[in-house]
Structures are given as structure tokens and as C-alpha cells.
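Residue numbers (full-length UniProt numbering): 1 to 141.
Data block below; observations after.
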Amino acid sequence: MKTSLFLLGSVVILFGFAQSAFAMTSNITLTPPALVDTFGKPLSSFQVGQQIGVQSNLTNNGSSDQTLTYLVQIIDSNGATDFLEGSSLLGKGISPGQSFTEAKVWTPQHPGQYNIQVFVWTSLSSAVPLTDVLHRTVTVN
1 MKTSLFLLGS
11 VVILFGFAQS
21 AFAMTSNITL
31 TPPALVDTFG
41 KPLSSFQVGQ
51 QIGVQSNLTN
61 NGSSDQTLTY
71 LVQIIDSNGA
81 TDFLEGSSLL
91 GKGISPGQSF
101 TEAKVWTPQH
111 PGQYNIQVFV
121 WTSLSSAVPL
131 TDVLHRTVTV
141 N
């Protein structure tokens with residue numbers, strides 16, 4: 001299990017990733033990460049300095065609004081976090097039956113193999129998992 005430590009304000013959050021997240025039963029579905037260019041077209045090769053969009057589709061299959069935060073974490077071959085970014089749908093959040101596509105742009109600075117992880121939490125402050133962690137491995141030249 002890989003463990004990461006984040007400092008948010010004065011609160012320390014320690015969490016681990018195993019083969020799947022510790023997701024609660026949720027009505028949010030998340031597609032595996034697609035890697036796209038800045039125009040949303042699929043990429044098949046990856047270069048140092050290239051902007052790579054890590055994109056997933058999210059759907060609320062439930063009957064009530066759901067606030068959420070989409071997170072992308074990229075781990076290098078040494079197990080270090082190379083990239084971590086999230087975006088939140090706060091307030092009303094995502095409505096029942098609504099789907100949308102979310103992406104975070106990562107620019108690798110070094111060649112190598114990377115483990116891309118995408119997942120959804122209720123928010124950064126509550127950090128309640130709504131989906132399993134979905135993985136994809138990519139090699140950057």
C-alpha cells in the first residue's frame with residue numbers, strides 16, 4: 001500500500017491507496033482516466049514537457065445532489081507524488097442524472113513510468129471517498 005501525507009491548513013490527513021479506495025457506497029460513477037491533448041483528442045505517446053490532460057467522466061446516478069472533488073494524483077517510478085490536483089463541485093454539486101467531463105492538465109518534467117490515479121471525494125476537508133481509485137500506467141519519453 002502506498003501512503004501519502006498532505007497538510008491542509010492545520011489539519012494533517014494521512015491516507016493510503018491499495019488496489020481500490022476505501023469508497024463508501026456512492027451513486028457517483030467515474031470512468032478510467034483517458035489521456036488527451038489540450039483539445040480533448042486522445043494521446044497515444046507521451047513526451048517530457050507535453051501537456052497531458054487526465055480526463056474522466058463523472059455521473060450522479062442517485063436521486064439527490066452530490067458535492068464532490070475530482071482528484072488526479074500521479075506517482076513516479078520511485079513512489080513520489082509528481083502531481084496532485086483536484087477540482088470541486090461545491091454548493092449544489094452535481095444534480096441527479098447529470099454527467100460531466102473533468103480533466104486536470106499534467107506536464108511531465110522527466111522521462112519514466114508513471115502511475116496515474118483518479119478518484120472522487122466528497123470534498124478536500126471531509127475526504128470521504130465516493131469512488132474507488134482508478135489507475136493507469138503511462139511511459140513518458
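Each residue gets a CB set at the ideal place from its N, CA and C atoms; glycine is no exception.
Just so you know, the alpha carbons of N60 and W121 end up roughly 13 Å apart.
Within the model, the alpha-carbon separation for A103 versus L58 is close to 11 Å. Here the alpha carbon of I94 sits roughly 12 Å from the alpha carbon of Y70. Looking at the backbone, the Cα of L130 and that of G86 are separated by about 14 Å. Each of N141, P33, S123 was checked against the Cα of P111, and the nearest Cα belongs to N141. DSSP places P42 in the strand class (E or B) of the three-state scheme. When only Cα atoms are considered, Q98 and L134 end up about 21 Å apart. Short of 7 Å from the beta carbon of L43, and not among the five residues preceding or following it, lie these beta carbons of its own chain, in chain order: L35, V36, D37, I52.
Between F119 and Q55, the alpha-carbon positions lie close to 11 Å from each other. Under DSSP, L130 shares a beta bridge with no residue. The alpha carbon of L30 has as its nearest neighbour, out of V105, A127, Q117, T139, the alpha carbon of Q117. Taking 9 Å as the cut-off, the beta carbon of N27 is found closer than this to the beta carbon of G62.
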